[in-house]
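Protein chains in written order, with the working numbering: chain A, 1 to 249; chain B, 250 to 498.
The beta-carbon is built from N, C-alpha and C at its ideal position, and this holds for glycine as well.
Below you can see the structure in the form of structure tokens.
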């Protein structure tokens with residue numbers, strides 16, 4: 001069995017989505033078993049419970065859940081309020097678990113990875129996984145990258161892209177993946193991740209083009225891209241202008 | 250006559266608003282004369298012309314317009330793209346002009362003030378002034394603070410507030426005023442303003458509560474408040490949640 005601890009360090013979790021996500025995962029991978037953080041049904045404004053409840057739940061997952069995977073239920077907002085309170089180095093040293101999520105969870109992933117843990121920028125149980133995927137390829141990736149933690153990727157994982165700069169076509173490097181706005185919101189703070197020799201993947205959702213530009217400016221001016229090997233732009237979902245005639249494409 | 254150079258270093262200027270703003274100012278203060286930056290009618294997506302056009306226009310205002318006041322027409326977005334290209338120290342040393350604006354122009358004001366210039370966080374010609382003010386008090390403030398540059402304020406300028414912290418009731422200090430999100434977007438960069446011994450005034454508009462919180466977190470974690478004397482929260486217009494049941498008040 002693969003032991004999965006579901007945690008909610010960011011926004012409150014819709015219980016129907018949580019059930020749908022678990023059902024979808026189980027129907028593809030019957031060898032999963034779930035244990036749930038105590039705050040999974042908590043709601044405090046736009047947070048899944050108080051800061052202390054969310055901190056305690058993450059500690060529970062890393063320190064006593066004995067999980068193979070600590071899987072973040074959903075993003076939203078709230079990671080920045082607790083990311084600095086976590087003993088990431090202890091977590092990385094004492095837990096075998098890999099941490100999975102994206103969006104607002106970016107900060108937790110990058111902090112854990114920086115401390116030596118395995119962080120996987122991947123779909124979340126009460127979000128994408130609850131909605132399901134039409135292509136088998138995504139389920140295959142979940143199996144190999146997340147469930148089996150198979151780091152030997154082959155050509156199946158190639159995806160189509162467009163080279164925007166005059167970079168060489170082949171680049172090796174560790175991946176640092178995350179949400180553009182969240183990375184920008186850590187500039188100037190102690191949780192701003194190191195990007196040295198990294199291949200940076202960026203995504204975002206629901207940000208107007210001028211906000212995307214502002215975040216890119218902040219990262220540019222704070223040195224985020226200076227020592228990176230490459231930058232890859234992933235999905236920027238619904239990042240469209242409210243008044244397109246007053247924007248750029 | 251008071252010589253006013255109108256500039257557009259941020260978003261594109263609505264020409265009707267510009268006319269209305271000039272008309273409103275003139276009807277209250279017939280001793281104003283206006284000269285206009287070459288890019289005042291330019292529009293390039295969400296910017297008032299290219300970066301170079303906006304840079305050239307600001308340089309024109311400081312270097313050759315011979316203005317008493319350099320008045321920013323409107324905010325929007327774009328200041329961060331050019332703020333680092335400006336010779337602020339030369340501007341402050343060689344021009345007598347005071348710079349007026351707010352919102353996205355925050356960066357220009359704080360850079361100019363930091364270099365020793367006089368920056369006034371005040372209404373903008375093609376924005377608030379175009380819409381007009383119902384109370385004479387605002388027009389009086391414009392006359393005394395901006396047009397006459399009278400720094401000796403008296404009780405007329407007191408405004409109602411609520412003390413949130415256990416601060417003493419009377420605090421002296423230079424004011425640093427600006428847009429919360431814009432200040433946050435300079436964290437980690439060279440244009441992050443010094444707040445030592447300052448009384449910080451913050452405002453914002455059209456930001457969801459979680460965005461306000463994220464910006465406050467970033468400023469907190471990057472030391473923005475550490476050496477300030479006080480923080481004053483001004484108007485946070487339309488900073489309301491799209492789904493209020495999932496937010497805080």
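Item                                                                                                                        : Value
Span of the beta strand (DSSP E) around residue 199 of chain A                                                              : 198-205
Inter-residue spacing [alpha-carbon to alpha-carbon] between residue 58 of chain A and residue 108 of chain A               : 10 angstroms
Of the residues B/280, B/469 and B/374, the one placed nearest residue 251 of chain B, counting alpha carbons only          : B/280
Straight-line Cα distance separating residue 229 of chain A from residue 424 of chain B                                     : 42 angstroms
Chain B residues whose Cβ lies nearer than 9 angstroms to that of residue 237 of chain A                                    : What residue 237 of chain A touches in chain B: nothing, since even the nearest Cβ is about 17 angstroms away.
Residue span of the beta strand (DSSP E) that contains residue 36 of chain A, given as start and end                        : 32-36
Residue 466 of chain B: contacting residues in chain A (beta-carbon distance under 7 angstroms)                             : 80 and 81
Residue 269 of chain B to residue 393 of chain B span [Cα, whole Å]                                                         : 21 angstroms
Length of the line joining the Cα atoms of residue 44 of chain A and residue 12 of chain A                                  : 7 angstroms
Sub-7 angstroms separation of residue 119 of chain A and residue 99 of chain A beta-carbons                                 : yes
Beta-carbon proximity of residue 81 of chain A to residue 124 of chain A, cut-off 7 angstroms                               : no
Among B/290, B/441 and B/315, the one whose alpha carbon lies nearest that of residue 257 of chain B                        : B/290
contact_flag[the region 450-466 of chain B, the region 376-394 of chain B] where n(CB pairs < 8 angstroms) is 3 or more     : no
Interface flag, residue 46 of chain A vs chain B, CB-CB below 7 angstroms                                                   : yes
Residue 498 of chain B, DSSP secondary structure in three states                                                            : Annotation note: pLDDT 47 at residue 498 of chain B (below 50); position unreliable, coordinate value reported separately. If DSSP states are grouped into helix, strand and coil, residue 498 of chain B belongs with coil.
7 angstroms CB neighbourhood of residue 382 of chain B in its chain, flanking five on each side removed                     : 388
Unbroken stretches of the alpha helix (DSSP H), 4 residues or longer, contained in the region 62-103 of chain A             : 79-82 and 88-94
Under 8 angstroms by beta carbon: chain B residues contacting residue 192 of chain A                                        : 437
Proximal chain A residues relative to residue 326 of chain B, where beta-carbon distance stays under 8 angstroms            : 210, 213 and 214
7 angstroms Cβ cutoff, residue 103 of chain A in contact with chain B                                                       : no
Rounded distance between the beta-carbons of residue 212 of chain A and residue 236 of chain A, thought under 8 angstroms   : 7 angstroms
Backbone CA spacing between residue 254 of chain B and residue 315 of chain B [nearest angstrom]                            : 8 angstroms
Buried versus exposed, by CB contacts within 10 Å (16 or more), residue 170 of chain A                                      : exposed
Cα-Cα separation, residue 437 of chain B to residue 111 of chain A                                                          : 18 angstroms
Where the beta strand (DSSP E) through residue 176 of chain A begins and ends                                               : 174-179
Cutoff 7 angstroms: residue 221 of chain A Cβ touching any chain B Cβ                                                       : yes
Of the residues B/274, B/491, B/481 and B/353, the one placed nearest residue 421 of chain B, counting alpha carbons only   : B/481
Beta-carbon proximity of residue 101 of chain A to residue 72 of chain A, cut-off 7 angstroms                               : yes
Which listed residue (B/326, B/311, B/346 and B/345) has its alpha carbon closest to that of residue 336 of chain B         : B/311
Exposure of residue 52 of chain A, with buried meaning 16 or more beta-carbon neighbours within 10 Å                        : exposed
Listed by chain order, chain B residues near residue 111 of chain A by CB distance under 9 angstroms                        : Simply none; closest approach about 13 angstroms.
Close Cβ partners of residue 214 of chain A (< 8 angstroms) along its chain, the five nearest in sequence each way excluded : 184
Alpha-carbon to alpha-carbon, residue 224 of chain A and residue 194 of chain A                                             : 8 angstroms
Three-state secondary structure (DSSP) of residue 254 of chain B                                                            : strand
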